[in-house]
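There are 2 protein chains.
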Amino acid sequence: MSSNPSQLRLGIAGLGTVGIGVIKIVEDNADLLSARTGQKITIAAVSARDRGRDRGVDLGAYAWHDNAVDLAGDDNVDLVVELMGGSDGPAYALAKACLAAGKPFVTANKALIATHGKELAQLAEGKKAALRFEAAVAGGIPIIKALTEGLSANNISGLHGILNGTCNYILTRMEREGLPFDEVLADAQRIGYAEADPTFDIDGIDTAHKTAILAAIAFGMAPDIDNLPTEGIRNIVSVDIDYARELGYRIKLLGVARQQDDGVEVRVHPAMVPLSSPLANVMDATNAVTVSGDHVGPTGYEGAGAGQGPTASAVVGDIVDVARGVWYPPFGVPAAELGSPAHLGSEAHIGTYYIRLKVADVPGVMADITQTLAREKVSIDSMLQRGHADDGGVYIVLTTHETTEEAANAALNHFNALECVLESPAMLRIEAA
Amino acid sequence: MSSNPSQLRLGIAGLGTVGIGVIKIVEDNADLLSARTGQKITIAAVSARDRGRDRGVDLGAYAWHDNAVDLAGDDNVDLVVELMGGSDGPAYALAKACLAAGKPFVTANKALIATHGKELAQLAEGKKAALRFEAAVAGGIPIIKALTEGLSANNISGLHGILNGTCNYILTRMEREGLPFDEVLADAQRIGYAEADPTFDIDGIDTAHKTAILAAIAFGMAPDIDNLPTEGIRNIVSVDIDYARELGYRIKLLGVARQQDDGVEVRVHPAMVPLSSPLANVMDATNAVTVSGDHVGPTGYEGAGAGQGPTASAVVGDIVDVARGVWYPPFGVPAAELGSPAHLGSEAHIGTYYIRLKVADVPGVMADITQTLAREKVSIDSMLQRGHADDGGVYIVLTTHETTEEAANAALNHFNALECVLESPAMLRIEAA
Numbered sequence: 005m006s007s008n009p010s011q012l013r014l015g016i017a018g019l020g021t022v023g024i025g026v027i028k029i030v031e032d033n034a035d036l037l038s039a040r041t042g043q044k045i046t047i048a049a050v051s052a053r054d055r056g057r058d059r060g061v062d063l064g065a066y067a068w069h070d071n072a073v074d075l076a077g078d079d080n081v082d083l084v085v086e087l088m089g090g091s092d093g094p095a096y097a098l099a100k101a102c103l104a105a106g107k108p109f110v111t112a113n114k115a116l117i118a119t120h121g122k123e124l125a126q127l128a129e130g131k132k133a134a135l136r137f138e139a140a141v142a143g144g145i146p147i148i149k150a151l152t153e154g155l156s157a158n159n160i161s162g163l164h165g166i167l168n169g170t171c172n173y174i175l176t177r178m179e180r181e182g183l184p185f186d187e188v189l190a191d192a193q194r195i196g197y198a199e200a201d202p203t204f205d206i207d208g209i210d211t212a213h214k215t216a217i218l219a220a221i222a223f224g225m226a227p228d229i230d231n232l233p234t235e236g237i238r239n240i241v242s243v244d245i246d247y248a249r250e251l252g253y254r255i256k257l258l259g260v261a262r263q264q265d266d267g268v269e270v271r272v273h274p275a276m277v278p279l280s281s282p283l284a285n286v287m288d289a290t291n292a293v294t295v296s297g298d299h300v301g302p303t304g305y306e307g308a309g310a311g312q313g314p315t316a317s318a319v320v321g322d323i324v325d326v327a328r329g330v331w332y333p334p335f336g337v338p339a340a341e342l343g344s345p346a347h348l349g350s351e352a353h354i355g356t357y358y359i360r361l362k363v364a365d366v367p368g369v370m371a372d373i374t375q376t377l378a379r380e381k382v383s384i385d386s387m388l389q390r391g392h393a394d395d396g397g398v399y400i401v402l403t404t405h406e407t408t409e410e411a412a413n414a415a416l417n418h419f420n421a422l423e424c425v426l427e428s429p430a431m432l433r434i435e436a437a
Numbered sequence: 005m006s007s008n009p010s011q012l013r014l015g016i017a018g019l020g021t022v023g024i025g026v027i028k029i030v031e032d033n034a035d036l037l038s039a040r041t042g043q044k045i046t047i048a049a050v051s052a053r054d055r056g057r058d059r060g061v062d063l064g065a066y067a068w069h070d071n072a073v074d075l076a077g078d079d080n081v082d083l084v085v086e087l088m089g090g091s092d093g094p095a096y097a098l099a100k101a102c103l104a105a106g107k108p109f110v111t112a113n114k115a116l117i118a119t120h121g122k123e124l125a126q127l128a129e130g131k132k133a134a135l136r137f138e139a140a141v142a143g144g145i146p147i148i149k150a151l152t153e154g155l156s157a158n159n160i161s162g163l164h165g166i167l168n169g170t171c172n173y174i175l176t177r178m179e180r181e182g183l184p185f186d187e188v189l190a191d192a193q194r195i196g197y198a199e200a201d202p203t204f205d206i207d208g209i210d211t212a213h214k215t216a217i218l219a220a221i222a223f224g225m226a227p228d229i230d231n232l233p234t235e236g237i238r239n240i241v242s243v244d245i246d247y248a249r250e251l252g253y254r255i256k257l258l259g260v261a262r263q264q265d266d267g268v269e270v271r272v273h274p275a276m277v278p279l280s281s282p283l284a285n286v287m288d289a290t291n292a293v294t295v296s297g298d299h300v301g302p303t304g305y306e307g308a309g310a311g312q313g314p315t316a317s318a319v320v321g322d323i324v325d326v327a328r329g330v331w332y333p334p335f336g337v338p339a340a341e342l343g344s345p346a347h348l349g350s351e352a353h354i355g356t357y358y359i360r361l362k363v364a365d366v367p368g369v370m371a372d373i374t375q376t377l378a379r380e381k382v383s384i385d386s387m388l389q390r391g392h393a394d395d396g397g398v399y400i401v402l403t404t405h406e407t408t409e410e411a412a413n414a415a416l417n418h419f420n421a422l423e424c425v426l427e428s429p430a431m432l433r434i435e436a437a
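As they're listed, the protein sequences go chains A and B.
FYI, the numbering for the first sequence is 5 to 437, going by our numbering.
FYI, the numbering for the second sequence is 5 to 437, going by our numbering.
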C-alpha cells in the first residue's frame, strides 16, 4: 500500500527443483506478491551442497552460505525457506536455529514436521515466530490451510487422502494398461516419476509422513510417525485391480485418519474405494484429500501433489502469509495442548473387506470357506467365482459386511491352513473415501 | 494460551437458519474455538425482525437490538456478523457503520459484497478493520481463503464454479429421472430446495454474485455484477440433457472467469462439461470450484454450498481468523489497486458449441445447414441425426470446432430464417471445466 514498501528478505536452503521454483515465482510474480503483501519480497541468500552446479537461474546477486544453518544467523535474512529435506541433520538444525532466534521458518519438509513437529512448534510459539509447512502435504493443494483455518469451526470426524503421486500414477497405469506393478515401476523410474530407490514412495512412508501431519492438525495431537500402521502398494497385483473394477471399486493408496469413540485411528494402506466416491476418480499423479467436519460436512480438495510449480506455489503462499503478519500456533492449537496420539491398533478397525483366494477346483471348497468365515462371525456381502487361473486353480473373491480387522485376519489365517487354498490370500480394506 | 483468555464478543444480525447455525457452533464447539484462537468467543447481542419467534435456541442471555445497525455502536460487541442478506438496506448500513467505526465485520451476504465490495473494502482498509465474506461463496468450501491466501503465489488463469445448489440439484434430477424442468422445480419447491420465487437461483443471479466475487479476488478487479453476462437454466430441456450425455458431456450451470489476452472474461451460463472433467461429476446440491494458477496448475474444491452447518462453518472460520489477528485487504490487494473490470463481451468468446436444430425431414436440409455454417466459417466437429420427433420433425445435433460466439450466433440467426428449421435452435457452450 505504501509507495516505498518494506522488504521481506528470504534465505533459501536447498536449490533443487523446488528451491529453483521458489526463486522463479519470487522473480516472475514480484509485482503480484508486492500488491498482495504490501512488501517487496526479495531473495538475500541461498545455500546448497554444490555451488558450481548450473541450475538455470542466475544466483549471482544472492549471498552464498556453504552451511545452511548459517542462514539462521544472517542478519540480511528475514525468513528462512528450508527445501533440503530429511528429518534430521541440517534441516532440523536449521529449523531449531531459526525458531530459537525468532526467525520465521517455511518448509516443504514432511519428514521433519512429522518427526519433530511438536518440538519445533513449541520453539516457534515461544518466540511467536512463524513455522509453516503447507508444501509438506499434497503439494499445491492448500490443505493445511483448509484444516487449520478454513474448517477451524469444526470438530473433524475424518479425512482420507491420496497423498503420493508416484503411487497413484503407478496404480493408474496398472489399471489402464493391465501391466504388472514391477513393469510400471520400472517405467516410472525411467521417466522420472519414481526415484531410483522407490522405497519411500511405494512402501507408503511418504504418505505416512503426510498423514501424520494432517491427523495432528485435524485432531489436535502431536504427529506420531512411529505408531502409524503403514502398508504400501508393492503387493498389489493386476488381478485385484480387475476384480475391484468388476465390483465397482478402484484401488488407491490412502492416508486415513478418523475419530472413533475411543481414540483416533490413523493408518496408511491400499484400499478399495467405491467408484462413486470423489477419491476414486483421482488419477495419475494428482493428489486429493477429503475432510469431514461436524458442521461443514464432507469437503474435497484436489491438485498437483508434487513438482516444481505446485510445491513452490505452496511455499510462496506461506511466505505471503508471513509477510501479511499472519501468526497462530503451527498446528492450529498451542503445542502444549497437542494430545498424545491415541492411535488405535488396526485390529480394532471396523470395516468391510475384500478377500481373494486361489483355491483348488475340487468339491467342498465353498463349504470350507463359508464355514471358516462363519466361525469368525465374518458375514459375506458378495462373492464371485469365475474362470480358471493358468495352473488350474480358481479365484474366489468376496466382500464382507462390517467386521473387525481382527476377525478378518483370523479368517485369513484359517484360510492359509486349508488344504484347498493354493496361495496366501489377498485382503484389501474397503473405504468409503 | 493464557489460562484467563481474552474474549471476542459477537453481535449477530439476522437469526435465520445460518444465524442460528453460528450460535450453535459458538456454543457447541466453544472449547475448540478457544483452543484455536486463545480467546473465549461469546455472543453478546443479536438482532432480527421478529423478537417473539421461536428459533429453537435460547437467546435470553444476549442483548437484543431491534435495529441491526445499533450493533455497530454497541460497546459490548467486538465483531459483527451480518446474516440478513440484501445488497442494500440494513445490511449495507450496518456494514458501513461497523467498518467506519473500525469494528470487524463478517458476512455471508454475496449480494452486498458483489455490489458494494470495493467501497466496503476501502472503508475496512482505512481503519484496518476486518471485512470477511468466506460464507458468501460456495458455503462451507474455503474457496475465498484458497484464492486470497493458499494460491496467493499465482497469477490465476481461470476458474469455473458450480455455485448454486438449487440449479445443480434440478439439473441432476432432470438427468437422473428424465423429468422436465418445470416438474423438478415444482418438486424442489415442495421439499424446500428451491424458494417460492426461484428467480434468484434459476436465472443465474445468485451464481453471478458469487462469480463476481471470485473473479474480483482472482483477477484483482472490483466486483462488477452489472456487466456480467448471465443466463440461467430455465430453458434447459431434457432432449439436450440426453444428447449431452450421448456426446460425453453433462449440462451444468457454471460461473466462469478467465484471463484472456485483452481482458478478463466473466460469465454465467449453462454449459456442456466433458464427463471426464471434475465438475461434471458434482451432483445434487453440492458446489465445486476449479481454479488454475500459473505455478500451481489446476486445483479443485468441493463441498456443501448452502445449508445451516456449512454456511455457519465458513462464518465461524472467518471469526477465528479475526480472533487470531489475521488482517490483509479484503480482496487480497488494496482496494485502490483493484482494476476496473475489463469484462469482455461474450461475442468475443472463443469456444466450442453444441447446437440442436429441429428440422423438417425433407431433401436438402443437411446441405442448407452445412452451407450456413461454412458461410460463417464455423467448422463442424461432430454431427448426429437420429429418430423423429412426435411432429415428424427430426433433430440434428452438432458440435463445433473453436469459433467466436459472434460467428456461432450469426449461424443461429441464419438457421432461424431457414424454412426447413421448425423451431428456434438450441445452443450451449462447451467448457472444459
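All C-beta atoms, glycine included, are put in the ideal place defined by N, C-alpha and C.
It should be emphasised that the depicted structure is a prediction, and the values quoted were computed from it without experimental measurement.
Q) Taking buried to mean at least 16 other C-beta atoms within 10 Å of its own C-beta, is A379/B buried or exposed? A) Within the second sequence, numbered from 1, the residue matching residue 379/B stands at position 375. The sequence as given places Arg at residue 379/B; Ala does not occur at that position. The residue is exposed, with fewer than 16 neighbouring Cβ atoms inside 10 Å.
Q. With respect to the alpha helix (DSSP H) encompassing R360/A, which residues constitute its N-terminal and C-terminal limits?
A. Here residue 360/A is taken as the residue at index 356 of the first sequence, counted from 1. For R360/A, no alpha helix (DSSP H) run applies; the uninterrupted beta strand (DSSP E) run containing it begins and ends at 354-363, by DSSP.
Q.
For K131/A, tell me which candidate among G106/A, T203/A, K28/A, W68/A has the shortest Cα-Cα distance.
A. One-based indexing of the first sequence puts residue 131/A at position 127. That would be G106/A, whose Cα lies nearest to the Cα of K131/A.
Q) By Cβ distance below 6 Å, which residues in the same chain neighbour R59/A in space, the five residues on each side in sequence not counted? A) Start at 1 with the first residue of the first sequence, and residue 59/A comes out as number 55. Within the same chain, and ignoring the five residues on either side of R59/A in sequence, the residues whose Cβ sits closer than 6 Å to its Cβ are L19, I24.
Q.
Judging by CA-CA distance, which residue of A190/B, L416/B, L116/B is the nearest neighbour of P94/B?
A. Here residue 94/B refers to the residue found at position 90 when the second sequence is read from its first residue. Comparing Cα positions, the closest option is L116/B.
Q | Limits of the unbroken alpha helix (DSSP H) element including E410/B | A | The residue given as residue 410/B occupies position 406 in the second sequence. In the DSSP annotation of this structure, the continuous segment of the alpha helix (DSSP H) that includes E410/B starts and ends at 409-421.
Q: Using beta-carbon positions only, say whether L218/A and L151/A come within less than 8 Å of one another.
A: As a first step, residue 218/A must be located in the first sequence, where it is residue number 214. As a first step, residue 151/A must be located in the first sequence, where it is residue number 147. Result yes, Cβ atoms of L218/A and L151/A sit closer than 8 Å.
Q) In chain order, which alpha helix (DSSP H) runs of at least 4 residues are fully inside the segment 249-314 of chain A? A) List check, alpha helix (DSSP H) in window: nothing returned.
(Q) What are the residues in the segment 303-325 of chain B lying within 7 Å of chain A by C-beta distance? (A) Going along the segment 303-325 of chain B in chain order, one finds T303, G304, Y305, E306, G307, A308, G313, P314, A316, S317, V320, G321, V324, D325 with a Cβ nearer than 7 Å to chain A.
Q. Which same chain residues, not among the five before or five after M5/B, have their C-beta less than 6 Å away from its C-beta?
A. As a working mapping, residue 5/B is identified with position 1 in the second sequence. Since pLDDT at M5/B reaches only 34, below the 50 mark, its modelled position is unreliable, and no value is offered.
Q. Where does M88/B sit, in a helix, a strand or coil, going by DSSP?
A. Numbered from its first residue, the second sequence carries residue 88/B at position 84. Residue state, collapsed to three classes: coil.
Q. So what's M5/B in DSSP terms, helix, strand or just coil?
A. As a first step, residue 5/B must be located in the second sequence, where it is residue number 1. For M5/B, the predicted structure reports a pLDDT of 34, less than 50, and the residue's modelled location is therefore unreliable. The matter cannot be settled from this model.
Q: Could you tell me how far apart the beta carbons of T438/B and P282/B are, in whole angstroms, since I believe they sit closer than 8 Å?
A: The first residue shown for chain B is 5 and the last is 437, placing residue 438/B beyond what the model contains.
Q. Considering only C-alpha positions, which residue in the set T46/B, L103/B, G165/B is nearest to S296/B?
A. In the second sequence, residue 296/B corresponds to position 292, counting from 1. For S296/B, the closest of T46/B, L103/B, G165/B by C-alpha to C-alpha distance is G165/B.
Q.
Which residue marks the beginning of the beta strand (DSSP E) containing R379/A, and which one marks its end?
A. Here residue 379/A refers to the residue found at position 375 when the first sequence is read from its first residue. Under the DSSP assignment, R379/A falls outside any beta strand (DSSP E), being part of the alpha helix (DSSP H) whose first and last residues are 369-379.
Q) Quick one: is V337/A buried, meaning 16 or more other Cβ sit within 10 Å of its Cβ, or exposed? A) Mapped onto the first sequence, residue 337/A falls at position 333. The residue is buried, with at least 16 neighbouring Cβ atoms inside 10 Å.
Q | Status (buried if at least 16 other CB within 10 Å, exposed otherwise) for V22/A | A | Taking the first residue of the first sequence as position 1, residue 22/A is located at position 18. Classification of V22/A: buried, given that the 10 Å Cβ count is 16 or more.
Q: Would you mind telling me which residues of chain B sit closer than 7 Å to S156/A, beta carbon to beta carbon, in chain order?
A: Residue mapping note: residue 156/A aligns to position 152 of the first sequence, counting from 1. Those are R40, G321, V324, listed as they occur along chain B.
Q.
DSSP three-state label for S38/A, please.
A. Looking up residue 38/A in the first sequence gives position 34. Secondary structure at S38/A: helix, using DSSP grouped into helix, strand and coil.
Q.
One question on the structure: do A289/A and A139/A come within less than 8 Å of each other, judged by their Cβ atoms?
A. On the first sequence, position 285 is the one that residue 289/A refers to. On the first sequence, position 135 is the one that residue 139/A refers to. Cβ atoms of A289/A and A139/A: not closer than 8 Å.
(Q) Just checking: is the beta-carbon of H299/A within a distance shorter than 8 Å of some beta-carbon in chain B? (A) Your numbering for residue 299/A matches position 295 in the first sequence. Chain B contact via Cβ: present.
Q) For I400/A, which residues does DSSP report across the bridge? A) Mapped onto the first sequence, residue 400/A falls at position 396. Paired residue(s): L361/A, Q389/A.
Q: Drop a sphere of 10 angstroms on the beta-carbon of T203/A, count the other beta-carbons inside from all chains shown, and report buried for 16 or more, exposed for fewer.
A: In the first sequence, residue 203/A corresponds to position 199, counting from 1. The residue in question, T203/A, is exposed, as its Cβ has fewer than 16 Cβ neighbours within 10 Å.
Q | Endpoints, the beta strand (DSSP E) within which L432/A is located | A | Indexing the first sequence from 1 puts residue 432/A at position 428. Residues 430-434.
Q. In chain order, what residues of the same chain lie with their CB nearer than 7 Å to the CB of Q264/B, ignoring the 5 residues before and after it?
A. Looking up residue 264/B in the second sequence gives position 260. Within the same chain, and ignoring the five residues on either side of Q264/B in sequence, the residues whose Cβ sits closer than 7 Å to its Cβ are L348.
Q. Would N8/A be called buried (16 or more neighbouring beta carbons within 10 Å of its own) or exposed?
A. Looking up residue 8/A in the first sequence gives position 4. Caution applies to N8/A, whose pLDDT of 42 falls short of 50 and renders its modelled position unreliable; the value that the coordinates give is listed next. By the neighbour-count criterion, in which a residue is buried when 16 or more other Cβ atoms sit within 10 angstroms of its Cβ, N8/A is exposed.
Q.
Taking CB distances under 8 Å as the criterion, tell me whether R59/A reaches chain B.
A. What you label residue 59/A is simply residue 55 of the first sequence in a count that begins at 1. Taking Cβ atoms only, chain B never reaches closer than 8 Å to R59/A, which makes this a no.
Q: Note down the Cα distance separating P321/A from T215/A, rounded to an integer number of angstroms.
A: Working through the first sequence from its first residue, we reach residue 321/A at position 317. Working through the first sequence from its first residue, we reach residue 215/A at position 211. Reading off the sequence shown, one finds Gly at residue 321/A, where the question assumed Pro. Spanning the two alpha carbons is a distance of roughly 21 Å.
Q | CA nearest to the CA of Y332/A, picked from I221/A, R360/A, M431/A | A | As a first step, residue 332/A must be located in the first sequence, where it is residue number 328. The residue with the shortest Cα to Cα distance from Y332/A is I221/A.
(Q) Tell me the DSSP secondary structure of A76/B in three-state form. (A) To locate residue 76/B, count along the second sequence from 1; it is residue 72. Of the three classes helix, strand and coil, the one that applies to A76/B here is helix, per DSSP.
Q: Classify Q375/A as buried or exposed, calling it buried when 16 or more other Cβ atoms lie within 10 Å of its own Cβ.
A: Within the first sequence, numbered from 1, the residue matching residue 375/A stands at position 371. So Q375/A counts as exposed.
Q. Taking the alpha-carbon positions, what's the V382/B to A371/B distance?
A. Taking the first residue of the second sequence as position 1, residue 382/B is located at position 378. Taking the first residue of the second sequence as position 1, residue 371/B is located at position 367. Approximately 14 Å between the Cα atoms of the pair.
Q) Buried or exposed: where does S156/B fall if 16 or more other Cβ atoms within 10 Å of its Cβ makes it buried? A) Counted from its first residue, the second sequence places residue 156/B at position 152. Taking every protein chain shown into account, the CB of S156/B has 16 or more other CB atoms within 10 angstroms, so this residue is buried.
Q. Looking only at C-alpha atoms, which of G396/B, K28/B, E423/B, A292/B sits nearest to G438/B?
A. The shown model of chain B, from 5 to 437, leaves out residue 438/B, and the question about it has no answer.
Q | Amino acids of chain A, ordered along the chain, whose beta-carbon sits closer than 9 Å to that of V363/B | A | Stepping through the second sequence from its first residue, residue 363/B is reached at position 359. What V363/B touches in chain A: nothing, since even the nearest Cβ is about 38 Å away.
Q | Cβ-Cβ distance between E269/B and H353/B below 8 Å | A | As a working mapping, residue 269/B is identified with position 265 in the second sequence. As a working mapping, residue 353/B is identified with position 349 in the second sequence. In contact: E269/B and H353/B (Cβ atoms closer than 8 Å).
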